[in-house]
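Notes to accompany the following structure.
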Amino acid sequence: MSGSPHTLRAIAAGAAATALLSLGAAVPTAHAAPDPAHRATAATDCALPGRTGWTDEGHTTDYTTQFQRPLGTRHVLMLFVDFPDARAAGSTSDYYRQLAPAADWLKRDSYGRTTLDITPLNRWIRMPQDSTSYGFQRGITFEQHEAYVRQAVAAADPYADFSRFDMVYLVPSKSAAAISFSPTYLFDPTTAGVTADGTRIKWAVTFGQDMWHWGFKVADHETGHTFGLPDLYAFTGTDYHRFVGGWDLMGDIAGAAPQHLGWERWKFGWIDDRQVACLPTSGSRTVRLRAVESPGGTKVAVIRTGETSAYVAESRRAVGADDHACSTGVLIYQVDTSVQTGYGPVRIVNGNPDATPPSGCRALDMAAFHAGQSFTDPATGVRIDVDDGSTTSQDEISITKR
Ligand SMILES: [Zn+2]
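Position in the sequence shown counted from 1, then plus 638, gives you the working numbering.
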């Protein structure tokens, strides 16, 4: 799909995207006075349940068996594989260096809460079959993918203790052109699975030659799926980036502002409940949002609009991994946790649809709202006003729900 990596099962799960609410347009601001009577509300009233049973934006992700919890140190074994028809030449170090920066990237993105401890097994593991035999060129099925992982683990088993690791990265020789893209293998309790050293291998990223195009962030994107996140780019249509543009690397690995959305940070436990301002029913409140790129402060304002839907506002700045952000200010988006991966579980509202994007930016990359702008959605009674309290690291907004 346009060279974009994706999870395999996700594609098959593509039921019609549920009807998404139409998004209201940006309108000139008329400040709503903060409601002094508003009471503090528990953030958990805005935590939406997942409804897909797979990777989605819900807060009910199964972190005990199905996915790995994105906190603390995750131990990754990196295996280098070559094939009878695509033998490796030279050392594995170039391959390791191409992907290793993924660990530092995730550590910064997570405010230091998640560490990838990547251990390279510095030798070439010969696979038993030709690179062209695994089905990558035809999109590869789950069964073919599991067999690929199983064969690699079996071939590496004499040299590694798999019981010491949470997941596996499989890196193919450059000459294996048939291993073209980088799907993620996710635990499925209904399959025979892959076992070594008494341990079920639940998660693996099998890199393809696109790792030389995307760079290390392909590892962060794919590892995000093992943390339960869906793809935010579109599986259908022609504009694959119509939902979130270059915001969040689950949308575009090469996007201008690839740091994870505040909503996903909350799901992950990178931000705490006390950093979430929740409006679960009608009312209004004023919120000072500290930019998500740096730790501390209130990170997201959530206005619940239904059992599985909400509007979210967060502050973004062109710092850290977002230093090429095309617009900064208040990012507003709609989340629906019943929507399948690849069908728009997150949809960003463009606050500047008439802006002319500079080189390297898409229209949706210009989406951030500025002081004086407002967003309204008549269908849900939601209104978000960006107030005049912006500083280099925070924005002030007023949120209202009729
Ligand atoms: Zn993906």
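Virtual Cβ for every residue (Gly too), placed ideally from N, Cα, C.
CB-CB length for residue 749 against residue 933, believed under 8 Å: Contact flag correct, Cβ pair sits at about 4 Å.
CA nearest to the CA of residue 804, picked from 911, 961, 695 and 714: 714
Same chain only: Cβ atoms within 7 Å of residue 684, ignoring 5 sequence neighbours per side: Contacts found: 914, 916, 918, 940, 942 and 948.
Check whether residue 1060 and residue 990 have beta carbons under 8 Å apart: Because the chain is modelled from 639 through 1040, residue 1060 falls outside the range shown and cannot be assessed.
Residue 747 versus residue 716: straight-line alpha-carbon distance, rounded: So the two alpha carbons sit approximately 22 Å from each other.
Residue burial classification, residue 901 (beta-carbon count within 10 angstroms, cutoff 16): buried
For residue 1039, the three-state DSSP class (helix, strand or coil): strand
Spatial distance of residue 1004 from residue 988 (CA atoms): 7 Å
Limits of the alpha helix (DSSP H) - the one that residue 793 falls within: Residues 780-794.
Boundaries of the beta strand (DSSP E) in which residue 851 is found, first to last residue: Careful: residue 851 lies outside any beta strand (DSSP E), inside the alpha helix (DSSP H) at 849-852.
8 Å CB neighbourhood of residue 710 in its chain, flanking five on each side removed: 751, 752 and 753
Residue 761 versus residue 865 - alpha carbon distance: 28 Å
Cβ pair residue 903, residue 929 closer than 8 Å: With respect to the 8 Å criterion, residue 903 and residue 929 are not classified as neighbours on the basis of their beta carbons.
Closer than 7 Å: residue 869 CB and nearest ligand 1 heavy atom: For ligand 1, a non-hydrogen atom lies closer than 7 Å to the CB of residue 869.
Those runs of the beta strand (DSSP E) which lie wholly inside the region 907-937 and span at least 3 residues: 914-917 and 921-928
Between the CA atoms of residue 735 and residue 694 - distance to the nearest angstrom: Looking at the two C-alpha atoms, the distance is approximately 31 Å.
Cβ shell of residue 795 (< 8 Å), same chain only, five flanking positions each side left out: 834 and 835
Coarse secondary structure for residue 677, derived from DSSP in three states: At residue 677, the pLDDT of 47 sits below 50, so the modelled position is not reliable; the number obtained from the coordinates is stated separately. Here DSSP, grouped into helix, strand and coil, assigns residue 677 to coil.
Closer than 7 Å: residue 879 CB and nearest ligand 1 heavy atom: no
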